[in-house]
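Engineer:
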Amino acid sequence: MTTEPEPSQPQVTQYQQIHDLVQAEFTIEEGFIEHNIPTFYVTLQPNSKQAFLRLYKQLNPMGLAPFFRKRDDKHVLQIVPKPGVKPSRNTTNIALLLATLGTVFATGFLLSLNWTQHNPLIGATMFTAAVMAIIGAHEMAHKLASNKHGVEATYPYFIPGLPPIGTFGAVIQQKSMAPNRDALFDLGMSGPVIGFIITIFVTIVGLQLSQLTFTLPENASPLQVPLLFDLIAANFPPIGRGTILLLHPVAYAGYIGMLVTMLNLLPAGQLDGGHVARVLLGDRARTILSYIAILALLLIGAWLMAILVFFLVRYPHPGSLDDVSPLSMSRKLVAIALIAIFVLTVAPLYTL
Numbered sequence: 028m029t030t031e032p033e034p035s036q037p038q039v040t041q042y043q044q045i046h047d048l049v050q051a052e053f054t055i056e057e058g059f060i061e062h063n064i065p066t067f068y069v070t071l072q073p074n075s076k077q078a079f080l081r082l083y084k085q086l087n088p089m090g091l092a093p094f095f096r097k098r099d100d101k102h103v104l105q106i107v108p109k110p111g112v113k114p115s116r117n118t119t120n121i122a123l124l125l126a127t128l129g130t131v132f133a134t135g136f137l138l139s140l141n142w143t144q145h146n147p148l149i150g151a152t153m154f155t156a157a158v159m160a161i162i163g164a165h166e167m168a169h170k171l172a173s174n175k176h177g178v179e180a181t182y183p184y185f186i187p188g189l190p191p192i193g194t195f196g197a198v199i200q201q202k203s204m205a206p207n208r209d210a211l212f213d214l215g216m217s218g219p220v221i222g223f224i225i226t227i228f229v230t231i232v233g234l235q236l237s238q239l240t241f242t243l244p245e246n247a248s249p250l251q252v253p254l255l256f257d258l259i260a261a262n263f264p265p266i267g268r269g270t271i272l273l274l275h276p277v278a279y280a281g282y283i284g285m286l287v288t289m290l291n292l293l294p295a296g297q298l299d300g301g302h303v304a305r306v307l308l309g310d311r312a313r314t315i316l317s318y319i320a321i322l323a324l325l326l327i328g329a330w331l332m333a334i335l336v337f338f339l340v341r342y343p344h345p346g347s348l349d350d351v352s353p354l355s356m357s358r359k360l361v362a363i364a365l366i367a368i369f370v371l372t373v374a375p376l377y378t379l
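For the sequence shown, counting from 1, position 136 maps to 163 in the working numbering; every step adds exactly one.
1. Out of Ala205, Ala210, Tyr184 and Pro244, which one is the CA nearest neighbour of Trp142?
2. Between the alpha carbons of Gly300 and Thr226, how many angstroms are there, rounded?
3. Which residues in the same chain as Ile182 place their Cβ atom closer than 6 Å to its Cβ, once the five residues preceding and following it in sequence are excluded?
4. Within the chosen definition, does the region 106-116 reach the region 162-174 through at least 3 CB pairs nearer than 8 Å?
5. Could you tell me how far apart the beta carbons of Leu128 and Ile186 are, in whole angstroms, since I believe they sit closer than 8 Å?
6. For Thr152, name the three-state secondary structure that DSSP assigns.
7. Return the CA-CA distance between Gln235 and Gln85, expressed in angstroms with no decimal places.
8. Which stretch, first to last residue, makes up the beta strand (DSSP E) that contains Glu56?
9. Tell me whether the beta-carbon of Ala278 lies closer than 8 Å to the beta-carbon of Gly233.
10. Spatial neighbours of Ala164 within its chain, please: CB distance less than 7 Å, with the 5 preceding and 5 following residues excluded, ordered by chain position.
11. Of all the options Val340, Ile199, Pro345 and Ala364, which has the alpha carbon lying nearest to the alpha carbon of Arg208?
12. Enumerate, from N- to C-terminal direction, the unbroken beta strand (DSSP E) stretches of 3 or more residues contained entirely within the region 157-186.
13. Which of the three DSSP states, helix, strand or coil, is assigned to Ile348?
14. Apart from the five residues on each side of it in sequence, which residues of its chain come closer than 7 Å, Cβ to Cβ, to Gly177?
15. By how many angstroms is the C-alpha of Ser203 removed from the C-alpha of Pro19?
16. Using a Cβ-Cβ cut-off of 6 Å (strictly less than) and excluding sequence neighbours within five positions of Ile368, which residues of its own chain qualify?
17. Based on Cα-Cα distance, which residue from Asn74, Lys101, Pro110 and Val69 lies nearest to Asn87?
18. Quick one: what's got a C-beta closer than 7 Å to Ala362's C-beta in the same chain, skipping five residues either side?
19. Which of the three DSSP states is assigned to Phe94 in this structure?
20. Measure the alpha-carbon distance for Gly267 versus Leu80 and round it to whole angstroms.
21. What first and last residue would you give for the beta strand (DSSP E) that runs through Leu272?
22. Under the assumption that Val351 contacts Ser75 (Cβ atoms under 8 Å), give the Cβ distance between them as a whole number of angstroms.
23. Report all residues from its chain with a CB closer than 6 Å to the CB of Ala280; omit the five preceding and five following residues, and keep chain order.
24. What three-state label does DSSP hand Gln85 in the structure shown?
25. Would you list the one or two residues that DSSP bridges to Gly267?
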C-alpha cells in the first residue's frame, strides 16, 4: 500500500507569498499546486524576459527557482526548490592543472627536439605557454560568463593528455542552470570566441618563428591545416624560402587552438556548440545534429571525440530556466559568426 506524502515543502507553505511575487510580474490566468509545486498559467507579454529575471532574483534568496515552459498552448511557470550545491575542492583543479602543465611541457619538448633554432627546453616552455593560454582563456571566458549571469560554476578542470597534443582540454562544471536563453547562449559562445581570438595571435607569432624549406625532414609528418591557418600564413608569412612549411612548436599550438575551437563548436551534447544549438533550434534538433556531428568526427579521424559525443548525446539538454523568452537579435547575429569560425577551423585530423 502506498500513501500520498503530506505537502511539507517550503514552496507549498509559502504559496501565497510566491503567488504575490509572480502576480507582480505576470498576469496569472490560473494558479494551483501541482505535485507540491506552485504552478501558474501566465500570459506571455513583450517584457516576459525581464519580468522573469526580476522574479528569478527575488526567489533566489528564498532558495527557490522559477521554471518557465510552454505546455501545449499554455505558458507554465513553476516554482521549485533550488538543488543543493556541493562546495568545490580547488585542490583537484590545482592538481589537474599541474599534471596538464607537465604533459603539455613533455609534448612540447618532444616537438622541439628536431627544432635546431633553440634549446628543446625553450621550445617546450613556449609551446606550453601558447597551449595553456588558448585553453585557459577559453575556459576562463566560460567562468566569467557564468559569473555575469549568476550561474554557479567551478574553476576549470584541466585534463592531461598524451602527445602529439599533451592535453584533452579543460572543462568547467556548471552547478546551476542558466536563467534564460540569452545566458545559455553566452555560456556556450564565450569560450570559443575568446579562444579563437587568442589562437589567431598565437598562430601569427608561431608562423613568424617557423621556416620555409624545400626538403621535408625524415622524421616529419604532413599536417593538413584549417582554412584559417592558410589565411594567416598568407598575410603573415614565415621566414625563408621554399614550398614546405616547418612549424615551430608555437605555430603547432595555434593549430591545436583551431582544433579545440572546432571541436567545441560542434552542435553536439553539452559542448559549447550544443548549448548554442539548444538555444537556437531546440533539444530535438540538437540531438539530430549531435549524431551528424558524430559521423563528421569519424570522417575526419577524431575517433576519441566521436566516442565522447556519443555518450553525451544520451543525456537530454536541460535548457535554461526560462525556456520560453526568445533569444536576442544581437546573439542571433553572433551565431552567424560562430558558424563562420567553425568553417574556418575545420580540418581533418593528422598527427605530427
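Ideal Cβ placement from N, Cα and C applies to all residues, glycine included. Everything numeric in this text was worked out from a predicted model, so none of it was measured.
Structural biologist: If we stick to the structure as given:
1. Along the sequence shown, one-based indexing puts residue 142 at 115. Minimum Cα distance to Trp142 is reached at Pro244.
2. Here residue 300 corresponds to residue number 273 of the sequence shown, with the count starting at 1. Here residue 226 corresponds to residue number 199 of the sequence shown, with the count starting at 1. Cα to Cα, Gly300 sits roughly 18 Å from Thr226.
3. Here residue 182 corresponds to residue number 155 of the sequence shown, with the count starting at 1. The sequence given here has Tyr at residue 182, not Ile. Listed in chain order, the non-local C-beta contacts of Tyr182 below 6 Å within the same chain comprise Asn120, local neighbours out to five positions each way being set aside.
4. The region 106-116 vs the region 162-174: no contact.
5. For the purposes of this step, residue 128 is taken as residue 101 along the sequence shown, with counting starting at 1. For the purposes of this step, residue 186 is taken as residue 159 along the sequence shown, with counting starting at 1. The beta carbons of Leu128 and Ile186 sit about 12 Å from each other, so the pair does not count as a contact at 8 Å.
6. Counted from its first residue, the sequence shown places residue 152 at position 125. Three-state result, Thr152: helix.
7. On the sequence shown, residue 235 is found 208 positions in, with the first residue counted as 1. On the sequence shown, residue 85 is found 58 positions in, with the first residue counted as 1. Straight across, the Cα-Cα distance linking Gln235 with Gln85 is about 54 Å.
8. Walking along the sequence shown from the start, residue 56 turns up at place 29. Note, Glu56: beta strand (DSSP E), Ile55 to Glu61.
9. Taking the sequence shown and counting its residues from 1, the one referred to as residue 278 is at position 251. Taking the sequence shown and counting its residues from 1, the one referred to as residue 233 is at position 206. Between Ala278 and Gly233, the CB-CB gap stays under 8 Å.
10. One-based indexing of the sequence shown puts residue 164 at position 137. Within the same chain, Ala164 has close Cβ partners Ile221, Gly222 and Ile225.
11. Within the sequence shown, the letter at position 181 stands for residue 208. Here the closest residue by C-alpha is Pro345.
12. Entirely contained in the region 157-186, not one beta strand (DSSP E) run reaches 3 residues.
13. The residue given as residue 348 occupies position 321 in the sequence shown. Note that residue 348 is Leu in the sequence shown, not Ile. Shown here, Leu348 sits in coil according to DSSP, grouped into three states, outside any helix or strand.
14. Indexing the sequence shown from 1 puts residue 177 at position 150. Correct list, in chain order: Pro206.
15. The shown model of the chain, from 28 to 379, leaves out residue 19, and the question about it has no answer.
16. As a position in the sequence shown, residue 368 is number 341, starting the count at 1. Within its own chain, the residues whose Cβ lies closer than 6 Å to the Cβ of Ile368, once the five positions on either side in sequence are excluded, are Phe223, listed in chain order.
17. By 1-based counting over the sequence shown, the position of residue 87 is 60. Looking at Asn74, Lys101, Pro110 and Val69, the one whose alpha-carbon comes closest to that of Asn87 is Pro110.
18. By 1-based counting over the sequence shown, the position of residue 362 is 335. Answer for Ala362: Val303 and Leu307, listed in chain order.
19. Position 67 of the sequence shown holds residue 94. The DSSP-derived three-state label of Phe94 is strand.
20. Counted from its first residue, the sequence shown places residue 267 at position 240. Counted from its first residue, the sequence shown places residue 80 at position 53. Answer to the nearest angstrom: the Cα atoms are 58 Å apart.
21. By one-based count along the sequence shown, residue 272 stands at place 245. Ile271 to Leu273 is the extent of the beta strand (DSSP E) around Leu272.
22. Position 324 of the sequence shown holds residue 351. Position 48 of the sequence shown holds residue 75. The pair is a contact, with the Cβ atoms about 7 Å apart (cut-off 8 Å).
23. In the sequence shown, the residue the question calls residue 280 occupies position 253. In chain order, Phe154, Ala157, Val158 and Val229 place their CB closer than 6 Å to the CB of Ala280, counting only its own chain and leaving out the 5 sequence neighbours on each side.
24. Numbered from its first residue, the sequence shown carries residue 85 at position 58. Gln85 falls in the helix class under three-state DSSP.
25. Locating residue 267 in the sequence shown gives position 240, counting from the first residue. The partner list for Gly267 (beta bridge, DSSP) reads Leu239.
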